[in-house]
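Protein sequences appear in the order of chains A and B.
Reminder that position 46 of the first sequence reads as 52 in my numbering, one-by-one numbering, no gaps.
Reminder that position 106 of the second sequence reads as 112 in my numbering, one-by-one numbering, no gaps.
Data block below; observations after.
Number of protein chains: 2
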Amino acid sequence: MDDLTELLKGVLEGCVLHILSHGGSYGYEIVRSLNRAGFTSVAEGTVYPILLRLENKRLVEVARVKSESGPPRKVYRLNADGRAALEAFWRRWEFVSSRLAIMKEEDDV
Amino acid sequence: MDDLTELLKGVLEGCVLHILSHGGSYGYEIVRSLNRAGFTSVAEGTVYPILLRLENKRLVEVARVKSESGPPRKVYRLNADGRAALEAFWRRWEFVSSRLAIMKEEDDV
DNA sequence: TACTGGTACATCGTAACACCATGTACCAGG
DNA sequence: CCTGGTACATGGTGTTACGATGTACCAGTA
Numbered sequence: 007m008d009d010l011t012e013l014l015k016g017v018l019e020g021c022v023l024h025i026l027s028h029g030g031s032y033g034y035e036i037v038r039s040l041n042r043a044g045f046t047s048v049a050e051g052t053v054y055p056i057l058l059r060l061e062n063k064r065l066v067e068v069a070r071v072k073s074e075s076g077p078p079r080k081v082y083r084l085n086a087d088g089r090a091a092l093e094a095f096w097r098r099w100e101f102v103s104s105r106l107a108i109m110k111e112e113d114d115v
Numbered sequence: 007m008d009d010l011t012e013l014l015k016g017v018l019e020g021c022v023l024h025i026l027s028h029g030g031s032y033g034y035e036i037v038r039s040l041n042r043a044g045f046t047s048v049a050e051g052t053v054y055p056i057l058l059r060l061e062n063k064r065l066v067e068v069a070r071v072k073s074e075s076g077p078p079r080k081v082y083r084l085n086a087d088g089r090a091a092l093e094a095f096w097r098r099w100e101f102v103s104s105r106l107a108i109m110k111e112e113d114d115v
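This is the structure:
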């Protein structure tokens with residue numbers, strides 16, 4: 007697929023919030039989740055800064071958890087503010103998405 | 007509406023391509039078009055740089071046209087590369103949009 | 001004449017974001 | 001011992017939207 011970089015601005019943070027809303031997860035695993043979700047070229051260097059941002063904005067709780075294989079994990083979990091941020095994200099996304107859908111239909115019809 | 011800045015990254019350029027695909031238009035009018043399309047807070051300081059970018063990428067043809075009221079307009083028109091860029095944009099958008107739709111459905115159901 | 005307001009374009013600086021490259025470190029298996 | 005998978009962190013780069021600001025054209029009007 008083409009370069010999605012610009013279209014993913016703001017979207018990936020929402021996706022991470024979404025993934026975390028299903029229960030705790032950690033950076034390395036989130037990368038895999040995003041890859042499975044279709045964003046195949048999203049890598050660690052993209053996800054870790056997002057997680058740090060969420061932490062600084064106090065949208066997540068963090069816990070260090072020992073791993074069976076490898077270094078300890080930083081397991082993130084949404085708090086109330088995080089859930090609110092996720093809802094706000096979906097609202098914004100829905101807004102933009104619907105406007106573009108209208109634009110696109112204009113021609114397709 | 008909330009701040010859509012990040013979500014509009016990459017999107018506005020696509021919208022401008024879309025608007026231009028309906029025939030020639032110029033900066034000041036494009037701002038109005040975007041506002042009518044729901045992007046109410048998009049202003050000139052956002053649109054003019056986009057138009058300059060399209061011009062530099064050779065996706066548009068430019069013509070100076072006298073205005074009945076005010077300074078002359080720079081009327082932009084898509085060329086073949088521009089139409090290809092628009093199609094590529096819709097492909098990328100469709101891709102991202104569909105992935106997020108899948109994510110969102112997961113919970114709503 | 002002067003002054004206002006709508007039209008129209010241009011640009012500088014800022015902040016935010018995705019991304020790449022790179023580095024560190026833990027651990028198991030061969 | 002050493003490779004490869006796991007796991008986190010960061011500095012630098014490029015791209016983008018956006019606010020503020022400036023310039024300029026023109027019509028109406030007081």
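Beta carbons are placed, not taken as given, at the ideal position from N, Cα and C, and that holds for glycine.
Secondary structure of residue i, DSSP reduced to three states
i: A/Ser75; result: coil
i: B/Ala91; result: helix
i: B/Ala2; result: Here chain B has residues from 7 to 115 only, and residue 2 of chain B is not among them.
i: B/Lys110; result: helix
i: B/Ala69; result: strand
i: B/Arg98; result: helix
i: A/Ser104; result: helix
i: A/Arg64; result: coil
i: A/Ser39; result: helix
i: B/Leu10; result: coil
Within chain A, partners of residue i - CB distance below 9 Å
i: B/Val102; result: Leu10, Leu13, Leu14, Val17, Gly44, Phe45
Nearest-angstrom Cβ-Cβ length linking residue i and residue j, presumed shorter than 8 Å
i: B/Val66; j: B/Gly33; result: Not really, about 12 Å apart at Cβ, beyond 8 Å.
i: B/Asp114; j: A/Ala94; result: No, B/Asp114 and A/Ala94 are not in contact; Cβ-Cβ is about 16 Å, not under 8 Å.
i: A/Leu13; j: B/Val17; result: 7 Å
i: B/Gly29; j: B/Trp99; result: Contact doesn't hold; Cβ gap of about 22 Å is too wide.
i: B/Val68; j: B/Glu61; result: 6 Å
i: B/Tyr82; j: B/Ser31; result: 6 Å
Chain A contact residues for residue i, given Cβ-Cβ distances below 7 Å
i: B/Lys110; result: Trp96
Chain B contact residues for residue i, given Cβ-Cβ distances below 9 Å
i: A/Leu84; result: Those do not exist, as A/Leu84 stays about 13 Å from chain B at its closest Cβ, beyond 9 Å.
i: A/Leu26; result: In chain order: nothing, as chain B lies at least about 12 Å away.
i: A/Leu23; result: Those do not exist, as A/Leu23 stays about 11 Å from chain B at its closest Cβ, beyond 9 Å.
Within chain B, the residues that residue i reaches when beta carbons sit closer than 8 Å
i: A/Leu57; result: Going along chain B, no residue has its Cβ under 8 Å from A/Leu57, so there is no contact; the nearest lies around 17 Å.
i: A/Arg105; result: Ala43, Gly44, Phe45
Within chain B, the residues that residue i reaches when beta carbons sit closer than 7 Å
i: A/Leu60; result: The contacting residues do not exist; A/Leu60 stays about 14 Å from chain B at best.
i: A/Arg89; result: By Cβ distance, chain B contributes nothing, its closest Cβ being about 11 Å from A/Arg89, past 7 Å.
Practice item. Report yes or no: do the stretch 99-111 of chain A and the stretch 39-50 of chain B share at least 3 C-beta pairs separated by less than 8 Å? Key: With a cut-off of 8 Å, the stretch 39-50 of chain B and the stretch 99-111 of chain A count as touching, because enough Cβ pairs lie within range.
Review point. For the stretch 69-81 of chain B against the stretch 13-29 of chain B, are there 3 or more C-beta pairs whose distance is under 8 Å?
Key: In the pairwise beta carbon analysis, the stretch 69-81 of chain B is classified as not touching the stretch 13-29 of chain B: fewer than three pairs are separated by under 8 Å.
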